[in-house]
Amino acid sequence: MEDSNPPRRVLGSNKQHESLESPKTPAVGSSEESIRCPICDEAMLTLLQLNRHLDDTHGDRPSSGLEPSPKKAVALRTPQKRTIQLDLYDDNKGFGLSDNLGSETQLASPTQSKLTRSHWVHPNSSNISVCSYEGCRRVLNVKNGIVNCRKCGLLFCNEHTAFRGRFSNGPPPLKLPVYDSVNGYLARCCESCFLNKPALVEGTQANFRDVTAIYKKKRAEKIEEKQWAKLKLQRRFLKLVNLLSLNYLWHIENGKFLLLYFTENKAHSKEAIMDAEKEIVGAENWQNDQNVTHCPLCFAKFNILIRKHHCRLCGRVVTDSAFNTDDPNMTCSIQVPVGILLKKLPNLNYSPQVKENWMELTSVAADSRYSNIYSFRCCRECKNLLLHGVKSDAMINEPENDAVLSSYEEILAIKANIQSTMPRYSQLVRENKDQSNRDINKLRVRIRKYVKDFEIATNTFRLRFFKRNEESGKFTPIQSPVLVTNVYKMAIVFLQDSILEFKKLNDQFQELENARLTGQLGLPKSLLSEPDSISASPMSPLPVASPPAKPRLTKKQIREFREQLMVVNEQKFLVQKQMDDAKRQRKFDELLTLTANSDELQKHIDELEKELGEFGFA
1 MEDSNPPRRV
11 LGSNKQHESL
21 ESPKTPAVGS
31 SEESIRCPIC
41 DEAMLTLLQL
51 NRHLDDTHGD
61 RPSSGLEPSP
71 KKAVALRTPQ
81 KRTIQLDLYD
91 DNKGFGLSDN
101 LGSETQLASP
111 TQSKLTRSHW
121 VHPNSSNISV
131 CSYEGCRRVL
141 NVKNGIVNCR
151 KCGLLFCNEH
161 TAFRGRFSNG
171 PPPLKLPVYD
181 SVNGYLARCC
191 ESCFLNKPAL
201 VEGTQANFRD
211 VTAIYKKKRA
221 EKIEEKQWAK
231 LKLQRRFLKL
241 VNLLSLNYLW
251 HIENGKFLLL
261 YFTENKAHSK
271 EAIMDAEKEI
281 VGAENWQNDQ
291 NVTHCPLCFA
301 KFNILIRKHH
311 CRLCGRVVTD
321 SAFNTDDPNM
331 TCSIQVPVGI
341 LLKKLPNLNY
351 SPQVKENWME
361 LTSVAADSRY
371 SNIYSFRCCR
381 ECKNLLLHGV
391 KSDAMINEPE
401 NDAVLSSYEE
411 ILAIKANIQS
421 TMPRYSQLVR
431 ENKDQSNRDI
441 NKLRVRIRKY
451 VKDFEIATNT
461 FRLRFFKRNE
471 ESGKFTPIQS
481 PVLVTNVYKM
491 AIVFLQDSIL
501 EFKKLNDQFQ
511 ELENARLTGQ
521 LGLPKSLLSE
531 PDSISASPMS
541 PLPVASPPAK
551 PRLTKKQIRE
561 FREQLMVVNE
571 QKFLVQKQMD
581 DAKRQRKFDE
591 LLTLTANSDE
601 LQKHIDELEK
611 ELGEFGFA
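Each step along the sequence shown adds one to the number in UniProt numbering, with nothing skipped, and position 309 is 309.
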């Protein structure tokens, strides 16, 4: 029976395939009536039919270990005849070999029958059709391919329709293909339609969340909160300065009377001053000594050695030193003389009594008789908040920095002129019109003057605010190192960028002018660049002649070439100085770039000297 020799992929043996006998129809009631495909659940009559069904329908599935080796496989039918298929609208690339399997293969492919062709562009029989891809001018024929994109309908060659996309017909009445990655049919398309798929476009977009506005809002809130805290602290400081200044002035005036030491003056006693200090801070902000066990700044526990002190500006209980670090700036609190803070904060709204006695109050010595009553305890955080921004303001307001700022404003003015003129010059060079040559020459001379002025201002700034160390050869600032160094670095960087951009635009303009001159003379560019090529070519039909004489330079051209030569020589001098500095500082990575720039400048100098000829500098 057939069941005793089960076929391949079902029960393992392949003897039934080796005997090419036709299968017998099973008897009614046999067990083969219930044979079904394990993949698609289709009913089969025999195991041979099931095996053929698995080979034909599900043959592209991955093989299992039950399949026999290819050597044992025997063809079940004679090889099919193969014919050449020349359908211009087939899914295959151009033409190819296809099996002649009868009426089933003669039908159009499922994709062609289900996607509309109403929008397809047909080849023009009268004119030559070319590929619609930008930059591809291939003629569409059988060799190159004539393929319609299933999405846009344009004609392309085989190379530019090697993409696949899933499409389905759109809404009526046109029913043009639309992207459908779920229920669409896989069809050929051009590169543009493939890259415009929604899934591909969304996949190339970065998923980001802009939190700039949120953090700007948070930062503004923090800055506003800090400003309010600083204003509150300044109001307390003004009240405290007024209290301590009046107390100090009273002791200066009445300290010589011995009777005051034996009489009780409640207004200027220590208890009265302490109560006034508590009132300035506020009873709700003045911490109770009994409730505080640790310093809020260094977290040290208070004991006999670590004493408690009240900050007169915030009312917190702090220590008088920092026990976790040796940095004096990290001291939890300090006894601050009022005169020092008056010098650092001269622009606050002090009381009239303080302003009238300003010189006396700011000149109190630390070892004076009443210096202890003219000072107060201040914690580190209050001190930093009160003096925040004082250092930068003082740097700007220092008289010695007036000269630096004046030179900086001069440099900025020249920089603004260059920045406003360079874009206009670049635009005129790109346009390269005959009527704009005069404007280009004027702008070039103007920019050259601005760059020269900027270079002179930069060198003047360096000579004025830097001094050279003879041993190391380095330049060190004479005053305000941070301010002077930053200004000089800005000027040097802008000068180098401007020179390079100006040189690039000049070279571009020179190339365009040479091309225009070539067209006016009516000779090929190769003949102008290589004048000996005419006589050197034996196949040339032109008579052998000497190269055309070089036109004589006008006075204007001589002046312009000389100015260009001066600028390039100055640029080379600056680059050479930078090379020397790089060699001394052993910055060999920068030396390579500087050497290349120097060679390029030397090449430009040689070209200018060649153009000038006898009119060059002696």
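Virtual Cβ for every residue (Gly too), placed ideally from N, Cα, C.
Legend entry - Status (buried if at least 16 other CB within 10 Å, exposed otherwise) for residue 506: By one-based count along the sequence shown, residue 506 stands at place 506. Burial is judged here by how many other beta carbons sit within 10 angstroms of a residue's own beta carbon; residue 506 has at least 16 and is buried.
Inset, instruction - Counting only runs of 4+ residues fully inside the stretch 166 to 204, write out the alpha helix (DSSP H) ranges in chain order. - result: Annotation: the stretch 166 to 204 contains the following complete segments of the alpha helix (DSSP H) (minimum length 4 residues), in chain order: 191 to 195 and 198 to 204.
Legend entry - Integer-rounded CB distance, given that residue 142 should sit under 8 Å from residue 130: Locating residue 130 in the sequence shown gives position 130, counting from the first residue. Locating residue 142 in the sequence shown gives position 142, counting from the first residue. Contact doesn't hold; Cβ gap of about 15 Å is too wide.
Inset, instruction - State the beta-bridge partners of residue 476 as determined by DSSP. - result: Residue mapping note: residue 476 aligns to position 476 of the sequence shown, counting from 1. Paired residue(s): 467.
Legend entry - Nearest residue (CA-CA) to residue 282, options 308, 252, 302 and 239: In the sequence shown, the residue the question calls residue 282 occupies position 282. Comparing Cα-Cα distances from residue 282 to each of 308, 252, 302 and 239, the minimum goes to 239.
Inset, instruction - Pick helix, strand or coil for residue 300, following the three-state DSSP scheme. - result: Position 300 of the sequence shown, counting from 1, holds the residue named residue 300. Assigned with DSSP and collapsed to three states, residue 300 falls in coil, not helix or strand.
Legend entry - Three-state secondary structure (DSSP) of residue 65: Working through the sequence shown from its first residue, we reach residue 65 at position 65. Here residue 65 scores only 44 on pLDDT, less than 50, and its place in the model should not be relied on; the value that follows carries that caveat. Three-state DSSP puts residue 65 in coil, outside helix and strand.
Inset, instruction - Enumerate in chain order the residues of its own chain whose CB-to-CB distance from residue 311 is below 7 Å, with the five nearest sequence positions on each side excluded. - result: Position 311 of the sequence shown holds residue 311. If we look at residue 311 and ignore the five residues flanking it on each side, its Cβ neighbours are 318, 333, 377, 378, 379 and 382.
Legend entry - Burial state of residue 215, where buried means 16 or more other Cβ atoms lie within 10 Å: Taking the first residue of the sequence shown as position 1, residue 215 is located at position 215. Under this definition residue 215 is an exposed residue.
Legend entry - Whether residue 163 touches residue 189 by CB criterion (7 Å): On the sequence shown, position 163 is the one that residue 163 refers to. On the sequence shown, position 189 is the one that residue 189 refers to. Their beta carbons are under 7 Å apart, which means residue 163 touches residue 189 by this criterion.
Inset, instruction - Pick out whichever of 367, 604, 384 and 373 has its Cα sitting closest to the Cα of residue 344. - result: Translated into the one-based positions of the sequence shown, residue 344 becomes position 344. Ranking the options by Cα distance to residue 344, first place goes to 384.
Legend entry - Distance, residue 513 Cα to residue 613 Cα: By 1-based counting over the sequence shown, the position of residue 613 is 613. By 1-based counting over the sequence shown, the position of residue 513 is 513. Rounded to whole angstroms, residue 613 and residue 513 show a C-alpha spacing of 19 Å.
Legend entry - Sheet register partners of residue 309 (DSSP bridge): For this step, residue 309 is matched to residue 309 along the sequence shown. Residue pairing by DSSP places residue 309 opposite 318 in a beta bridge.
Inset, instruction - Name the two residues that bound the continuous beta strand (DSSP E) containing residue 378. - result: Locating residue 378 in the sequence shown gives position 378, counting from the first residue. Run containing residue 378: 375 to 379, per the beta strand (DSSP E) assignment.
Inset, instruction - Could you tell me the boundaries of the alpha helix (DSSP H) in which residue 352 lies? - result: As a working mapping, residue 352 is identified with position 352 in the sequence shown. Residue 352 -> alpha helix (DSSP H) spans 352 to 356.
Legend entry - Alpha carbon of residue 561 to alpha carbon of residue 611, nearest angstrom: As a working note, residue 561 is residue 561 in the sequence shown. As a working note, residue 611 is residue 611 in the sequence shown. Their backbone Cα atoms lie some 8 Å apart in a straight line.
Legend entry - Under the three-state DSSP convention, the category residue 160 falls into: The residue labelled residue 160 in the question sits at position 160 within the sequence shown. Helix at residue 160.
Legend entry - Any non-hydrogen atom of the ligand GDP closer than 6 Å to residue 362 Cβ: With respect to small molecules bound, the structure shown includes none, and the ligand GDP cannot be examined in it.
Legend entry - Start-to-end residues for the alpha helix (DSSP H) that takes in residue 333: Residue 333 sits at position 333 when you count from the first residue of the sequence shown. Here residue 333 belongs to no alpha helix (DSSP H); instead the beta strand (DSSP E) covers 333 to 337.
Inset, instruction - Please state if the CB of residue 565 and the CB of residue 608 are separated by a distance shorter than 7 Å. - result: Working through the sequence shown from its first residue, we reach residue 608 at position 608. Working through the sequence shown from its first residue, we reach residue 565 at position 565. Yes, Cβ-Cβ distance for residue 608 and residue 565 is below 7 Å.
Inset, instruction - Using the Cα positions of residue 152 and residue 203, report the straight-line distance between them to the nearest angstrom. - result: Along the sequence shown, read from residue 1 onward, the residue named residue 152 stands at position 152. Along the sequence shown, read from residue 1 onward, the residue named residue 203 stands at position 203. Roughly 22 Å separates the two Cα atoms.
Inset, instruction - Can you have a look at residue 457 and say buried or exposed, based on whether 16 or more other CB atoms are within 10 angstroms of its CB? - result: Residue numbering aside, residue 457 sits at position 457 when the sequence shown is read from its first letter. It is buried - the Cβ of residue 457 has at least 16 other Cβ atoms within 10 Å.
Legend entry - C-alpha gap between residue 173 and residue 36, whole angstroms: As a working mapping, residue 173 is identified with position 173 in the sequence shown. As a working mapping, residue 36 is identified with position 36 in the sequence shown. CA-CA distance, residue 173 to residue 36, rounds to 44 Å.
Legend entry - Three-state secondary structure (DSSP) of residue 462: Residue 462 sits at position 462 when you count from the first residue of the sequence shown. Note: residue 462 maps to helix in three-state DSSP.
Inset, instruction - Mind checking who residue 604 pairs with in its DSSP beta bridge? - result: What you label residue 604 is simply residue 604 of the sequence shown in a count that begins at 1. In the DSSP assignment, residue 604 forms no beta bridge with any residue.
Legend entry - chain C within 7 Å of residue 209, Cβ atoms only: Absent from the structure is chain C; it holds one protein chain and no more.
Legend entry - Three-way DSSP call (helix, strand, coil) for residue 629 in this model: Outside the displayed span of the chain (1 to 618) sits residue 629, for which this structure offers no information.
Legend entry - residue 447 beta carbon less than 7 Å from that of residue 494: Stepping through the sequence shown from its first residue, residue 494 is reached at position 494. Stepping through the sequence shown from its first residue, residue 447 is reached at position 447. No, the pair does not count as a contact, with Cβ atoms beyond the cut-off.
Inset, instruction - Going by DSSP, name the residue or residues bridged to residue 43. - result: The count along the sequence shown starts at 1 and reaches residue 43 at position 43. Under DSSP, the beta-bridge partners assigned to residue 43 are 36.
Inset, instruction - On a CA-only basis, which of 602, 437, 186 and 230 is nearest residue 557? Give me that one, please. - result: Within the sequence shown, residue 557 is the residue found at index 557, counting from 1. Sorting 602, 437, 186 and 230 by C-alpha distance to the C-alpha of residue 557 places 437 at the top.
Inset, instruction - Measure the alpha-carbon distance for residue 390 versus residue 403 and round it to whole angstroms. - result: Counting from 1 along the sequence shown, the entry for residue 390 is found at position 390. Counting from 1 along the sequence shown, the entry for residue 403 is found at position 403. A direct Cα-to-Cα measurement between residue 390 and residue 403 gives close to 21 Å.
Inset, instruction - Closer than 7 Å by C-beta to residue 584: which residues in its own chain qualify, once you throw out the five before and the five after it? Chain order, please. - result: Counting from 1 along the sequence shown, the entry for residue 584 is found at position 584. Excluding positions up to five away in sequence, the list reads 473.
Inset, instruction - Tell me whether residue 364 sits in a helix, a strand or coil according to DSSP, three-state version. - result: Within the sequence shown, numbered from 1, the residue matching residue 364 stands at position 364. Shown here, residue 364 sits in coil according to DSSP, grouped into three states, outside any helix or strand.
Legend entry - Which of helix, strand or coil DSSP assigns to residue 148: Working through the sequence shown from its first residue, we reach residue 148 at position 148. Reduced to three states, the DSSP call for residue 148 is strand.
Inset, instruction - Look up residue 53 in the DSSP assignment and say whether it is helix, strand or coil. - result: Stepping through the sequence shown from its first residue, residue 53 is reached at position 53. In the structure shown, residue 53 adopts helical secondary structure according to DSSP, grouped into three states.
Legend entry - Rounded C-alpha distance that separates residue 337 from residue 476: As a first step, residue 337 is located in the sequence shown; it is residue number 337 there, counting from the start. As a first step, residue 476 is located in the sequence shown; it is residue number 476 there, counting from the start. Distance between the alpha carbons of residue 337 and residue 476 is about 36 Å.
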